[in-house]
Amino acid sequence: RKEVEQDPGPFNVPEGATVAFNCTYSNSASQSFFWYRQDCRKEPKLLMSVYSSGNEDGRFTAQLNRASQYISLLIRDSKLSDSATYLCVVTTGRRALTFGSGTRLQVQP
Amino acid sequence: GAGVSQSPSNKVTEKGKDVELRCDPISGHTALYWYRQSLGQGLEFLIYFQGNSAPDKSGLPSDRFSAERTGGSVSTLTIQRTQQEDSAVYLCASSSQTGAGEKLFFGSGTQLSVL
Chain A
1 RKEVEQDPGP FNVPEGATVA FNCTYSNSAS QSFFWYRQDC RKEPKLLMSV
51 YSSGNEDGRF TAQLNRASQY ISLLIRDSKL SDSATYLCVV TTGRRALTFG
101 SGTRLQVQP
Chain B
1001 GAGVSQSPSN KVTEKGKDVE LRCDPISGHT ALYWYRQSLG QGLEFLIYFQ
1051 GNSAPDKSGL PSDRFSAERT GGSVSTLTIQ RTQQEDSAVY LCASSSQTGA
1101 GEKLFFGSGT QLSVL
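From first to last, the protein sequence lines are chains A and B.
Residue 37 in my numbering is what sits at position 37 of the first sequence, and the numbering runs on without skipping anything.
Count along the second sequence from 1, add 1000, and you get the number used in my numbering.
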């Protein structure tokens, strides 16, 4: 089983839609969680950290469910510019960050 | 520049040749990571340097791969006797933090093509 698993998609949604992605992790000792965004042929960039209490940044909401070992990302009012691959990232102890394979989002006009 | 710099941006080599990829992290960042990404795939961890600690080499796929970080700054990833399956984008990232709240800054990567 992979340490971090994501549905690869693609998720094709119309502009203005709300879309949610989940990511599951296998190690219950995992401590830190992040969502990164990667545009086509570009390097990944941090989108947001995920806190235990859940957190929001504009149209983006991230949540953590430790009991079920998953994190989620909700995007409201999707924009064309949101089209990208969203990478779930987990850290365990002092090990390097572990990236999921990503979920591709395509927002259509 | 202020970001992570990688060179070369593209490298085409013949099977069996050795290659060296370079990474200049953001000044002052103590943590440096190498990942690779094959087309349409996720990021595969290779190696992690943190300060003066022994590097975490657990992701290196074979003994043909090695990396060093001189003076706590510049890092070089070396692939010996390259194989076609080594073709990928090699991404370097640096961070000023460890543990919780860690934010990685990535370079633009080196596209390696082994013919």
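Heads up, the beta-carbon is just placed ideally off N, CA and C, and yes, glycines get one too.
Determine whether the Cβ of residue i lies closer than 7 Å to any Cβ atom of chain C.
i, result
"G1051 (chain B)", "No chain C appears in this structure, whose protein chains are A and B."
Please list, in chain order, the chain A residues whose beta carbon lies closer than 9 Å to that of residue i.
i, result
"K1103 (chain B)", "F34, L46 and S49"
"G1028 (chain B)", "The contacting residues do not exist; G1028 (chain B) stays about 18 Å from chain A at best."
Report buried or exposed for residue i, applying the criterion of at least 16 other Cβ atoms within 10 angstroms of its Cβ.
i, result
"S1062 (chain B)", "exposed"
"G1040 (chain B)", "exposed"
"C40 (chain A)", "exposed"
List the residues of chain B whose Cβ lies closer than 7 Å to the Cβ of residue i, in chain order.
i, result
"T98 (chain A)", "F1045"
"G58 (chain A)", "Neighbours of G58 (chain A) on chain B: none; closest Cβ ~18 Å, over 7 Å."
Hey, could you find the ends of the beta strand (DSSP E) residue i is sitting in?
i, result
"R37 (chain A)", "S32 to Q38"
"A1054 (chain B)", "Premise fails: A1054 (chain B) is in no beta strand (DSSP E) and is neither H nor E."
"K985 (chain B)", "An answer regarding residue 985 (chain B) cannot be provided, because it is not within the stretch 1001 to 1115 covered by chain B."
"R110 (chain A)", "One cannot answer for residue 110 (chain A) here, as it falls past the ends of chain A, which runs 1 to 109."
Kindly list the residues whose CB is nearer than 6 Å to the CB of residue i, restricted to its own chain and excluding five residues on each side of it in sequence; keep chain order.
i, result
"N22 (chain A)", "Y70 and S72"
"L74 (chain A)", "A20 and T61"
Near residue i, which residues of its chain fall below 7 Å by C-beta distance, leaving aside the five closest residues on each side in sequence?
i, result
"A1088 (chain B)", "R1036, Q1037, S1038 and L1112"
At 7 Å on the CB atoms, spell out the chain A contacts of residue i, in chain order.
i, result
"L1091 (chain B)", "E43"
Whose Cβ in chain B lies nearer than 8 Å to the Cβ of residue i?
i, result
"G16 (chain A)", "The contacting residues do not exist; G16 (chain A) stays about 28 Å from chain B at best."
"S101 (chain A)", "Q1041 and G1042"
Contact residues within the region 79–98 of chain A, judged by C-beta distance below 8 Å to chain B: L87, T91, R94, R95, A96, L97 and T98
Positions along the region 1050–1072 of chain B whose CB lies within less than 7 Å of some CB in chain A: D1056
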